[in-house]
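Number 47 in full-length UniProt numbering belongs to position 47 of the sequence shown; there are no gaps in the numbering.
Data block below; observations after.
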Amino acid sequence: MTTVIDGKAAAASVVASVTSAAAELENAGLRRPGLAVVIVGNDPASHAYVGAKGRMAKQCGFNSIQHTLPEETSQEDLMAIVETLNADPDVDGILVQLPLPKHLNSEPVIQSIRPEKDVDGLHIINAGKLAVGDLQTGLISCTPAGAMLLVRQIHGSDLSGLNALVIGRSNLFGKPMAQLLLSANATVTIGHSRSRNLPELARQADILVAAVGRAGMVRADWVKPGATVIDVGINRVPAPERGEGRTKLVGDVAFDECREKAGAISPVPGGVGPMTIAMLMANTVIAAYRAAG
Ligand code: GUN
Numbered sequence: 001m002t003t004v005i006d007g008k009a010a011a012a013s014v015v016a017s018v019t020s021a022a023a024e025l026e027n028a029g030l031r032r033p034g035l036a037v038v039i040v041g042n043d044p045a046s047h048a049y050v051g052a053k054g055r056m057a058k059q060c061g062f063n064s065i066q067h068t069l070p071e072e073t074s075q076e077d078l079m080a081i082v083e084t085l086n087a088d089p090d091v092d093g094i095l096v097q098l099p100l101p102k103h104l105n106s107e108p109v110i111q112s113i114r115p116e117k118d119v120d121g122l123h124i125i126n127a128g129k130l131a132v133g134d135l136q137t138g139l140i141s142c143t144p145a146g147a148m149l150l151v152r153q154i155h156g157s158d159l160s161g162l163n164a165l166v167i168g169r170s171n172l173f174g175k176p177m178a179q180l181l182l183s184a185n186a187t188v189t190i191g192h193s194r195s196r197n198l199p200e201l202a203r204q205a206d207i208l209v210a211a212v213g214r215a216g217m218v219r220a221d222w223v224k225p226g227a228t229v230i231d232v233g234i235n236r237v238p239a240p241e242r243g244e245g246r247t248k249l250v251g252d253v254a255f256d257e258c259r260e261k262a263g264a265i266s267p268v269p270g271g272v273g274p275m276t277i278a279m280l281m282a283n284t285v286i287a288a289y290r291a292a293g
């Protein structure tokens with residue numbers, strides 16, 4: 001029988017641990033962990049994600065701060081806010097929601113966040129620690145960390161002898177995911193839009209991770225029988241069966257048909273998505289403990 005991986009349950013268990021760790025910090029006479037989220041502009045999907053992050057931070061007992069900036073915010077003003085948050089001892093984690101409006105350059109903004117507060121794990125110091133196999137002293141990007149937790153549920157922490165294919169090569173997901181799999185001893189391939197033979201590569205994968213942003217791209221004939229399939233895609237598509245003009249969220253994997261072939265598969269929604277927010281909370285509480293010494 002195929003295991004449908006329950007990301008909601010896994011996330012709830014992470015959130016429970018984070019909540020008790022946050023309470024312990026506060027009970028020790030120290031302050032609550034503080035998470036600051038900065039959002040620029042009016043993108044509805046980004047606002048929905050940021051709202052969910054703020055609610056979860058409060059649920060974990062954190063001090064939750066949100067800076068909502070207008071679309072026309074300048075690079076200088078955005079970087080000045082990051083500087084203020086860098087210097088604020090009540091702020092343990094800073095997240096600047098991406099993508100930024102087109103006139104802003106995200107890279108200098110991300111690199112201006114103090115690495116100790118970079119709960120997205122995007123600062124070069126944190127990305128570099130991961131790249132050299134230091135999984136202990138930095139902060140790891142939330143979505144790959146969450147996806148890796150789901151992989152570990154199925155395979156344990158040693159992936160020796162297993163082939164893994166990550167489809168997607170972004171700094172936010174594909175590259176750090178590949179490095180986490182490599183640190184766990186998997187034999188890792190990164191595929192992307194310029195790869196010539198993705199279905200062929202996929203058929204060799206014991207662990208297939210899809211993060212391309214194309215609804216239903218991974219088909220059943222890509223899946224090695226018994227493989228673990230982790231779907232990181234979040235695509236909004238029309239759903240006329242739910243009524244005129246309605247939409248639904250689907251992943252990069254054609255779930256119903258791949259489910260028949262896979263040994264384990266993560267659904268969308270309810271798979272990797274809830275893990276991302278849970279790992280953001282975990283990174284924030286880790287940063288708070290480090291700041292407290
Ligand atoms: N936009 C979509 N996912 C993410 C994420 O994990 N972090 C940030 N900062 N922005 C995002």
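Ideal Cβ positions, reconstructed from N, Cα and C, are used throughout, including at glycine.
Nothing here was measured: the structure is a model prediction, and the numbers come from that model.
- Query: Asn235 bridges to which residues according to DSSP?
  - Reply: Looking at the DSSP assignment, Asn235 forms a beta bridge with Val250.
Point to revise | Proximity to Pro33 [Cα-Cα], best of Ala131, Lys58 and Ala16 | key: For Pro33, the nearest C-alpha among the options comes from Lys58.
Helix, strand or coil for His123, going by three-state DSSP, please let me know.
Of the three classes helix, strand and coil, the one that applies to His123 here is coil, per DSSP.
**Prompt:** Is the beta carbon of Ala186 less than 9 Å from the beta carbon of Ile207?
**Reply:** Taking 9 Å as the cut-off, the Cβ atoms of Ala186 and Ile207 count as close.
Enumerate in chain order the residues of its own chain whose CB-to-CB distance from Ile284 is below 6 Å, with the five nearest sequence positions on each side excluded. Residue identity differs from the one stated: residue 284 is Thr in this sequence, not Ile. Residues of the same chain with a CB within less than 6 Å of the CB of Thr284, apart from the 5 flanking positions on each side, are Pro33, Leu35, Asp92, Gly93 and Val119 in chain order.
Do Pro108 and Leu139 have their C-beta atoms within less than 9 Å of each other?
-> When the beta-carbon positions are compared, Pro108 and Leu139 stay at least 9 Å from each other.
Discussion item. Just to confirm the assignment, what range does the beta strand (DSSP E) spanning His67 have?
Written reply: Bounds of the beta strand (DSSP E) holding His67 are Asn63 to Leu69.
**Asked** Would a C-beta distance cut-off of 9 Å place residue 294 and Val38 closer than the cut-off?
**Response** Here the chain covers residues 1 to 293 and nothing more, so residue 294 does not appear.
**Prompt:** In chain order, what residues of the same chain lie with their CB nearer than 6 Å to the CB of Pro199, ignoring the 5 residues before and after it?
**Reply:** Counting only Cβ-Cβ distances below 6 Å, and skipping sequence neighbours, we find Trp222.
If you draw a straight line from the C-alpha of His123 to the C-alpha of Gln111, how long is it?
Straight across, the Cα-Cα distance linking His123 with Gln111 is about 5 Å.
Are the Cβ atoms of Gly41 and Leu100 separated by less than 9 Å?
Yes, the pair counts as a contact, with Cβ atoms nearer than the cut-off.
- prompt: How about Val232 and Ala215: do their beta carbons lie closer than 9 Å?
  reply: For Val232 and Ala215, no; Cβs fall outside 9 Å.
Quick check: does the Cβ of Gln111 come within less than 8 Å of any heavy atom belonging to the ligand GUN?
The answer is no for Gln111.
Rounded to the nearest angstrom, what separates Leu25 and Cys142 at their Cα positions? In a straight line, the C-alpha of Leu25 is about 22 Å away from that of Cys142.
Presumed contact (8 Å Cβ cut-off) between His155 and Thr84, rounded CB distance: The beta-carbon distance between His155 and Thr84, rounded to whole angstroms, is 43 Å. This is too long to meet the 8 Å contact definition.
task: Helix, strand or coil for Ala227, going by three-state DSSP, please let me know.
output: Assignment of Ala227 by DSSP, reduced to helix, strand and coil, places it in the coil class.
Tell me whether Asn126 is buried or exposed, calling it buried when 16 or more other Cβ atoms sit within 10 Å of its Cβ. Asn126 should be labelled buried.
Buried versus exposed, by CB contacts within 10 Å (16 or more), Gln136:
With fewer than 16 other Cβ atoms within 10 Å, it is exposed.
### Query
How would you call Ser157, buried or exposed, if buried means at least 16 neighbouring beta carbons within 10 angstroms?
Burial state of Ser157 is exposed, judged by a 10 Å Cβ sphere holding fewer than 16 other Cβ atoms.
*Grab the span of the alpha helix (DSSP H) containing Val285 for me, first residue to last.*
Start and end: Val272 to Ala292.
- Task: Verify whether the separation of the beta carbon atoms of Ile234 and Val253 is less than 9 Å.
- Result: By the CB criterion at 9 Å, Ile234 and Val253 fall outside the cutoff.
Could you tell me if the beta carbon of Val96 falls within a distance shorter than 8 Å of some heavy atom in the ligand GUN? Correct: Val96 has its Cβ closer than 8 Å to the ligand GUN.
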